[in-house]
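**Q** Using numbering that gives the first Met the number 0, you'd call the opening residue of the first sequence number 0 and step up by one each time. For every residue, glycine included, the Cβ atom is placed at its ideal position computed from N, Cα and C. Supplied in structure tokens, the structure appears directly below.
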Amino acid sequence: MGLKKGPWSPEEDQILVSYIRQHGHGNWRALPKQAGLLRCGKSCRLRWTNYLRPDIKRGNFTKQEEDTIISLHHLLGNRWSAIAARLPGRTDNEIKNVWHTHLKKKLKNHQSSQDSKRQAVVSINPKCDTKVLENSNLDKNVVTSPQECSSEMSSITDSSLEKTVVKYEEMDYSSEYFPQIDESFWSEELSREDTDGQTTDEKFQFQFPVVESAGKDSRIDDSMDFWYNLFIRAGDMPDLPEF
DNA sequence: AACTACCACAACCGCAAGCTT
DNA sequence: AAAGCTTGCGGTTGTGGTAGT
């Protein structure tokens, strides 16, 4: 149809930007004709949303952004637009690219290092239970299952923390460390008696591993902040409890 | 210097959902 | 209710740059 394809020239960008600044982008199909561009509406929309929009953040992804993508991808799967909605200034296309080029490999490498550790254990002790090994994390201080710390927050003691602490820096994002999100994610309605003897209904109970944010002094508050921030970004999670 | 392989990013394509007529 | 149109999404491909041989 005589329409141009391929990379956009700076002149085309200029035309598109100034047209949208003046008239907005009500109808993408009609836009290129009105703006005098030899592009299809779809191509214009993509160029604008992925590259020319003024609120787009440029530059490399920070460690924090990468961690957020990994976490949200675990929760949401390949729903790039949903992930992008939680990362201001980043586009779904950009996130999809960074996932395929960097993060997937990063996870794979981590996974294979875990596998080789398991192999090493088996070679040292051929009698070890490989079924158990498959489900275990061999890094020190890493919980093997979120359900291991399913106790009420108030009852978590220092000794139990030793077992349930996950170091933030060493966070393993493979499926065994993240709970499946469904209706049973929060267990509802437990009552407890306060110091004044009155009964308080607590709506939810945590079933997460505790996260140690720094040093040996693990604090429950830090842990709660971590999970809270994670799920606040993943807006379509179940209702959040009061921390 | 020329060629090849690989990587990162931009852009395209097809499909599905939502909207309008 | 149905058909046509528009938009958004996710998978895939294309392109340009760079490192290695």
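If you reduce the DSSP assignment to three classes, tell me which class His-99 lands in.
**A** On the first sequence, residue 99 is found 100 positions in, with the first residue counted as 1. Reduced to three states, the DSSP call for His-99 is helix.
**Q** Can at least three beta-carbon pairs, one atom from the region 51-68 and one from the region 23-32, be found at a separation below 8 Å?
**A** no
**Q** Could you pull out every residue in the same chain whose Cβ sits closer than 6 Å to the Cβ of Ser-42, ignoring the five residues on either side in sequence?
**A** To locate residue 42, count along the first sequence from 1; it is residue 43. None.
**Q** Hey, would you say Gly-5 sits closer than 7 Å to Asp-54, going by beta carbons?
**A** Residue 5 sits at position 6 when you count from the first residue of the first sequence. Residue 54 sits at position 55 when you count from the first residue of the first sequence. Not a contact, by the Cβ cut-off of 7 Å.
**Q** How far does the alpha helix (DSSP H) with Asp-66 in it extend, from its first residue to its last?
**A** Numbered from 1 along the first sequence, position 67 holds the residue referred to as residue 66. Here the alpha helix (DSSP H) through Asp-66 covers 62-75.
**Q** Between Ile-94 and Ile-69, is the Cβ-Cβ spacing less than 7 Å?
**A** By 1-based counting over the first sequence, the position of residue 94 is 95. By 1-based counting over the first sequence, the position of residue 69 is 70. Not a contact, by the Cβ cut-off of 7 Å.
**Q** Flag this pair as yes or no: are the beta carbons of Leu-37 and Leu-2 separated by less than 7 Å?
**A** Position 38 of the first sequence, counted from the start, is the residue given in the question as residue 37. Position 3 of the first sequence, counted from the start, is the residue given in the question as residue 2. For Leu-37 and Leu-2, yes; Cβs fall inside 7 Å.
**Q** Less than 7 Å between the C-beta atoms of Thr-90 and Ala-83, yes or no?
**A** What you label residue 90 is simply residue 91 of the first sequence in a count that begins at 1. What you label residue 83 is simply residue 84 of the first sequence in a count that begins at 1. A contact, by the Cβ cut-off of 7 Å.
**Q** Leaving out five residues before and five after Tyr-49 in sequence, what residues of the same chain have Cβ atoms less than 6 Å from its Cβ?
**A** Looking up residue 49 in the first sequence gives position 50. Sequence check: residue 49 is Asn here, not Tyr. The answer, listed in chain order, is Thr-90, Asn-92.
**Q** Should His-99 be labelled buried (16 or more other beta-carbon atoms within 10 Å of its own) or exposed?
**A** For this step, residue 99 is matched to residue 100 along the first sequence. Answer is exposed; the Cβ neighbour count stays below 16.
**Q** Would you say Gly-35 and Trp-27 are within 7 Å of each other, going by their C-beta atoms?
**A** Against the first sequence, residue 35 aligns to sequence position 36. Against the first sequence, residue 27 aligns to sequence position 28. In this structure, Trp-27 does not lie closer than 7 Å to Gly-35 by Cβ.
**Q** What separation, rounded to the nearest whole angstrom, lies between the Cα atoms of Arg-243 and Leu-106?
**A** Given that the chain is displayed from residue 0 to residue 242, the structure contains no residue 243 and the question cannot be resolved.
**Q** Are there 16 or more other CB atoms within 10 angstroms of the CB of Glu-11, so buried, or fewer, so exposed?
**A** Reading the first sequence from its first residue, position 12 is the one you call residue 11. With 16 or more Cβ atoms within 10 Å of its Cβ, Glu-11 is classed as buried.
**Q** Span of the alpha helix (DSSP H) holding Ile-14?
**A** Position 15 of the first sequence, counted from the start, is the residue given in the question as residue 14. Per DSSP, Ile-14 belongs to the alpha helix (DSSP H) from 9-22.
**Q** Classify Gly-40 as helix, strand or coil using the three-state DSSP reduction.
**A** The residue you call residue 40 lines up with position 41 of the first sequence. Gly-40 falls in the helix class under three-state DSSP.
**Q** Secondary structure at Trp-79, three-state DSSP: helix, strand or coil?
**A** As a working mapping, residue 79 is identified with position 80 in the first sequence. Trp-79: helix per DSSP, three-state reduction.
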